[in-house]
Amino acid sequence: MTRKRRAGFSLPLPWVGGLAGRLKPALRLALVALLLLACEREERRFREMPSAAGRRNTERLTTLVPGPYTADVKVDNPYGYNAFAISEGKRLFTWYNCQGCHANGGGGMGPPLMDDRWRYGSDPEQIFATIVEGRPNGMPSFRGKIPEYQVWQLVAYVHSLSGNVPKDAAGGRQDNMQVRKQEQALPDLKLEREAAPAQ
Amino acid sequence: MRGIQSALEPAGPQAEQIARLWDVFLITAAVVWLLVMLFTIAALLRRRPEIVPNAASPRVRNAVIAATGLTVLTLFALLTASIFTTRGIASVPDRAIQIAVTAKQWWWQIDYDDRDKSKRFTTANEIVIPVGHPVTVHLRSSDVIHSFWVPSLHGKRDMIPGKPPSTFTFQADKPGVYRGQCAEFCGYQHANMSFWVTALPFPEYAKWVEANRQPSRIPSTHTQRKGQEVFMNSPCPLCHTIQGTPANGKTGPDLTHFGSRRSIAAGTFPNRRGFLGGWILDAQHLKPGSQMPSMTLEQGELEPLISYLESLK
Amino acid sequence: MSEGVSEHGAHVASAKPLEEHFKKEGTKHSPYSLPGDEILHEQLEKTWSPAKGPFRFFMQVDHKILGKRFVVTAFIWFGLGGILAALMRMQLSRPDNTFLSADQYNQIFTMHGVTMMFLFAVPIMEAIAVYMVPLLLGSRALAFPRLTAYSYFMFLFGGILLYTAFFLNTGPDTGWFTYPPLANPEFAPGKRVDVWAQLVNFTEISAIAVAIELIVTILKQRAPGMSVNRLPLYVWSMLITSFMIVFAMPAVMTSSFYLASDRLVGTHFFNPAEGGDPLLWQHLFWFFGHPEVYIIFLPALGMVSHIVTTFTRRQVFGYTAMVLSQVATGFIGFGLWVHHMFATGIPALGSSYFTAASMLIAIPSGIQIFCWIATIWMGRPVWKPPFLFVLGFIAIFVLGGLTGVMLASIPLDLQVHDTMFVVAHLHYVLIGGAVFPLFGVLYYWFPKITGRMQNDTAGYVSFALMFIGFNLTFFPMHKLGLIGMTRRIYTYHPETGWGPLNALSSIGALVLGLGVIVYVLNGLISWKKGAVAGSNPFDGPTLEWATSSPPPEYNFVNIPTVSGHEPLWHAPEHAPVVTGLSTTEKEILITRTFDAEPDHRYTMPTPTPWPFLAAVATAVMFVGGLFTVWAFVIGLPIAGIIVTCWFWPTTPRKEGEAPA
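Taken in order, these protein sequences are the chains called A, B and C.
Here the numbering used here is used: the first sequence runs in plain steps of one and ends on residue 195.
Here the numbering used here is used: the second sequence runs in plain steps of one and ends on residue 721.
Here the numbering used here is used: the third sequence runs in plain steps of one and ends on residue 677.
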């Protein structure tokens, strides 16, 4: 009789409980995945730990090294799936006047960044090297001019220009005149993707 | 209890008028509230005759009608007072000093206008005005909506991006330093987006303006020269301008006369060596999310850099 | 006590003769009972029985079951919102505090606002109406029961979405008002603002659906004789509120769709560089946002009228004036949204109109206050907790109304806009004006809903704590705003001088929280262990007290008729009742809109899972819509199929066939 009073109220607990029990491992896995993805996308890391901020450059211009052969150290962009960092990268792209030569990623004085042709490589550490070291024929070296964590933010943004960051983290339209599609809507470039490590 | 930016301590005619209007409203409201409470308590405690659930009482009815009438009259009086004050604070004098204020996430850029382009200059987070002289500010925003508010001088005005500059005029009648703050939520550091308005007697004001029209001081000591080198070789000039040097970045505050400012980081810390050093090395700890990056400097670079910045009087 | 429990439970569970039930509880005989009600009772209970079986949770259509669920769910969100408020007060309790970071604080204050406005204030008012309105009208059901189920699940899913997102660090962080450009993708990357936009869609669909049910119920399902001039004041307020919801909520849904499409598709509604306008947002938002305040507080005024009537033993003074005041509030409420935008620099002439309108709205509120005082004056107060909550309401709400008049004045608003003064004002109006009456009325209707009494001592204690705590928390904020403390700041410096008052306010919040906890605990414990209430423990005058507590599934054995404002106080020994409704079909009586003359019979639908499935489909669509527009393309046909099943006609009764 008390059962009835609660009729509309309580979950049919045994049933839900049983189902939850059977699905528990899967549920837990899905939950963890969701948690990781969402957290990585949404985190606002204003202040980098010293090791990340002053990260040692592992990128090299050549694979030739003295001594025994060592495999290339692959570096992941710490911001590859962080919406805030990508948007910071977009702001810095203008602030540090990348805009001046690579207008909105479309190219101008410098090569376009929205296509699938990458003269100096499209891996995160290669783009990092391009910014920090500079490249022949006009790309200046920003060593010491841009703090390293901001360079990584720029790398993440540059990657978003060819659709190489997840769409839910890529930037939306900006508050200026529309000059091209927002990064969310840019096509994922295939060639690029093959060259780049799995993001 | 007094605040450092109180609307109850007006220092100019506009804020003064609003404060007087406040007094009118406050007293009226207090009287009304007390009357309502008095009648409620009386109604609760009065001795009463036999109750009849539906009894009509012409006396009570008339009292309710009278109270309603009184409400209407009071509101009408308050409305009139309010509209007169609105007109009073809106009057625009002919000869006001023109200052452009641009709000950015999370600081204020101040531009002093002049017909002669060479006499224009830019500063940040501190407005200096002459006492007893009307000042018209032209308010703009370059990113999101901010709101300009100096309680002791005037009410607030929103700064909406994409709109023509919004102007309003205020005046300070007493010399002093008045604090202002952004009043529209604008992101992470909305809390730390304040500024100072310093009202000086006219001769001092003119002197200040003249000083600010000059390019920056040339470093005089060895340490300061070293500091300037550090500044120019670090990321600083990409965002900051120092007139008279190659540094001409436009996205951060102008530092030409940085040493003469009261505070750093938009009124967040006093402009002292310790805070300045902390600010350069770890801005993201002191003001998380602000657009000043935390810097990595080499051994022995910080001291000269601070000395140089402090010398920019 | 334990004997009482079983006695009482037995009544609800099995078909025990009503006559005996009334006798056992020693209450007045209902004027609407007839000999032979026992047989009717048995048949009706079978016909109106709720869904059974393991899936019953997803199938219920009874307005009382859904109403209770609505109330409990809304209270869960209220508790979460309250915890967030406590966190904020903790952070602000002293200058330069580092308890929360800027990012956390922004999410928390936004979540607090969003929770209280979208997941508590409006839903709880509608929830109580879902439960009570049919009872107050003497009807057996709420119109469109399946739609009620759908709205409940939409509301539930919306809240779950918001809090899941929050725990995944994706809680909206641009304020409950979400002004662009701060909410534009350039300044709010990630999915946080999109969660806000979709939550609004969830809750507003739910709110509009319930509003339509209430309008139809109130206009068409009243007991015979309950012409519009005899409608209980609470029902009047719900009617006006529902109409306001129908007109106000589309504005916010429009703006949230604009925002979502700006963020997801790259439209430019709020981008000035491409011809959009951030002010468009503010107009749309406040065209909803200001009526929202009245949507929250008009029902509360209706509740106050009922409590005042019952606990002064007297009819409310000035029924016509009260109703007209509420109607006036409903209309004027749509004409003053610009007073939230005085600081944007809108031309003075236009603004002055809104100043006048904002002051004008004080008049109907004033009239209602005067009428209640007159009622108390002429009646005899009964000092029960609900009545105390109403007295607290008068003290707090009048103060909040007066600060509202100050905010209507442009010059004063320019100083105190977006400061703690406004925070104080809005809490005086919303907590004082809506939560106090709400707590009072929940105390008052608690025996009706649960069949048990709350503990009066705990009621007095919770009222005292809440009243003191509330004023301690929010009164200092008036002063804080005047001495320059702006809203939505996560920290402040010691030299601002705001420290002591903030500390006081934080202590007050503790007391207030304690009061709420005592109240909720009292409710929870009484629900299980309270003294058994009779059908009319407070001797209330309106129809909800004419049936047993809690009411049976079919609400009334005999549909009552009404001949005045307080039917139970003036009813003869045996009042006339409606006969002729089927006992084997879920039939209700439809009456005419104005004079409530019986018009025709209407059959209510049976329990079904389709509303639940439709809500799931809509939820999938909206949640998927956070990430891709394709969610709508895929979700719409699925929702369409489900809705088709929902409305698939079941063997209709043939023309002329007699009800079995």
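Here a beta-carbon is modelled for each residue, glycine too, at the ideal position from N, C-alpha and C.
Just so it is clear, the structure is predicted and the values come from calculations on it, not from any experiment.
Cα atoms of A:P162 and B:D524: separation of roughly 52 Å, rounded to the nearest angstrom. Chain-order list of chain B residues neighbouring C:T508: A599, by C-beta distance under 7 Å. Shown in chain order are the members of the segment 71 to 85 of chain A whose Cβ falls below 8 Å from a Cβ of chain C: A79, F80, I82, S83. For a Cβ distance threshold of 7 Å, nothing in chain C lies close to A:E44: the least Cβ distance comes to about 15 Å. Going by C-alpha positions, B:G660 is about 18 Å away from B:P569.
Nearest in C-alpha terms to A:P74, of all of A:R115, A:E179, A:R41, is A:R41. For B:S414, no alpha helix (DSSP H) encloses it, and the DSSP letter there is neither H nor E. Against B:K564, the close residues of chain C are A360, L431, Q432, H434, D435, in the order they occur along the chain (beta-carbon pairs closer than 8 Å). Excluding five sequence positions before and after C:G457, the CB atoms of its chain that fall closer than 6 Å to its own CB belong to I324, P403, F406, V407, given in chain order. Counting only runs of at least 4 residues, the segment 125 to 160 of chain C fully encloses the following alpha helix (DSSP H) elements, listed from N- to C-terminal order: 139 to 154. The CB of B:W616 never comes closer than 9 Å to any CB in chain C; the least such distance is about 24 Å. Counting every other CB atom within 10 Å of its CB across the protein chains shown gives C:N201 a total of 16 or more, marking it as buried. No beta strand (DSSP E) of 3 residues or more sits fully in the segment 515 to 546 of chain C. CA-CA distance, B:F593 to C:S369, rounds to 25 Å. DSSP links A:M135 through a beta bridge to A:R131. In this structure, B:G657 places its C-beta atom within 8 Å of the C-beta atom of B:C647. Nearest CB-CB separation between A:N160 and chain C: not below the 8 Å threshold. Interface with chain C (8 Å Cβ-Cβ cutoff): A:N100 is excluded.
Where B:D690 is concerned, there is no enclosing beta strand (DSSP E), although the alpha helix (DSSP H) around it starts and stops at 681 to 694. B:A655 has its alpha-carbon roughly 13 Å from the corresponding atom of A:K141.
Rounded to whole angstroms, A:R24 and C:I413 show a C-alpha spacing of 48 Å. With fewer than 16 other CB atoms across the displayed protein chains lying within 10 angstroms of its CB, A:D72 is exposed. Straight through space, the alpha carbons of B:P466 and C:F334 are spaced by roughly 11 Å. If you draw a 10 Å sphere on the C-beta of C:V650, you find fewer than 16 other C-beta atoms in it, and that means exposed. Our two residues, B:E534 and B:Q517, have alpha carbons roughly 9 Å apart in a direct line.
In the DSSP assignment, C:H307 falls within the alpha helix (DSSP H) that extends over 295 to 329.
Taking C-beta atoms as the reference points, C:T436 and C:T392 fail to come closer than 8 Å. Sorting C:P112, C:G53, C:I390, C:M149 by C-alpha distance to the C-alpha of B:A471 places C:I390 at the top. Secondary structure of C:N553 (DSSP, three-state): coil. Within the DSSP bridge table, the entry for C:R106 names no partner.
For C:I312 and C:Q343, the gap between their C-alpha atoms comes out near 11 Å. The closest CA to that of B:T544, considering only B:R503, B:S602, B:A511, B:D431, is found on B:R503.
Neighbours of A:I142 in chain B, taken as residues at a C-beta separation under 9 Å, are given in chain order as P643, L646, P701. Within the DSSP bridge table, the entry for B:D519 names B:A508, B:T530 as partners. By the neighbour-count criterion, in which 16 or more other beta carbons inside 10 Å mark a residue as buried, B:R528 falls on the exposed side. Listed along chain B are L646, each with a C-beta nearer than 8 Å to that of A:Y92.
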